[in-house]
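Position 53, counted from 1, in the sequence shown is what UniProt numbering calls 53; the numbers after and before it change by one each time, with no gaps.
Yeah, the Cβ is synthetic: ideal placement off N, Cα and C, and Gly gets one too.
Below: one structure, written as structure tokens.
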Amino acid sequence: MLGEFDDHHYSPQAVIYKARDLMNDGTLIPKSVVTLYQWINEGVLRTSNLDLFEKPKRKHHRTHPRAKRCLGPNIAQRPQTADQRSEIGHW
């Protein structure tokens, strides 16, 4: 069914739209590109991932580690006057 499009080098999305236009006889046509890619990965179609234009060439970019948040001074290092709480608002 969809194997007919293998020789024409259509993209998977183009295959779905062409198949919907041409085949109205109740043939099983995937509703999404994700399903079509799953069929290619499972070997349902004659097409392999190497035949696809973009799939083998995709590069995964590394994520850089985020900077850690700089914490303030430890509460044990605060002045003794702050522990006394003699002034309003300084606690």
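_Measuring only the C-alpha atoms, how far is P73 from L50?_
Indexing the sequence shown from 1 puts residue 73 at position 73. Indexing the sequence shown from 1 puts residue 50 at position 50. So the two alpha carbons sit approximately 56 angstroms from each other.
*So, is V15 buried or exposed, given that buried needs 16 or more other C-beta atoms within 10 angstroms?*
Position 15 of the sequence shown, counted from the first residue, corresponds to residue 15. Buried is the call here.
*Where K31 and S11 are concerned, what is the direct C-alpha to C-alpha distance, given to the nearest angstrom?*
On the sequence shown, position 31 is the one that residue 31 refers to. On the sequence shown, position 11 is the one that residue 11 refers to. Taking the straight line from one Cα to the other gives about 15 angstroms.
_Here's a check: name, in chain order, each residue in its chain whose Cβ is nearer than 8 angstroms to the Cβ of V33, leaving out the five neighbours to either side._
Taking the sequence shown and counting its residues from 1, one reaches residue 33 at position 33. Closer than 8 angstroms at the Cβ level, and outside the excluded window around V33, lie P12, Q13, I16.
*Which of helix, strand or coil DSSP assigns to Y10*: Counted from its first residue, the sequence shown places residue 10 at position 10. Coil, per DSSP.
*Using three-state DSSP, classify A67 as helix, strand or coil.*
For the purposes of this step, residue 67 is identified with residue 67 of the sequence shown, where counting begins at 1. In the structure shown, A67 sits in coil (DSSP, three-state: anything other than H, G, I, E or B).
*Separation of R66 from D21, as counted between CA atoms*: Position 21 of the sequence shown, counted from the first residue, corresponds to residue 21. Position 66 of the sequence shown, counted from the first residue, corresponds to residue 66. Cα-Cα distance, rounded: 49 angstroms.
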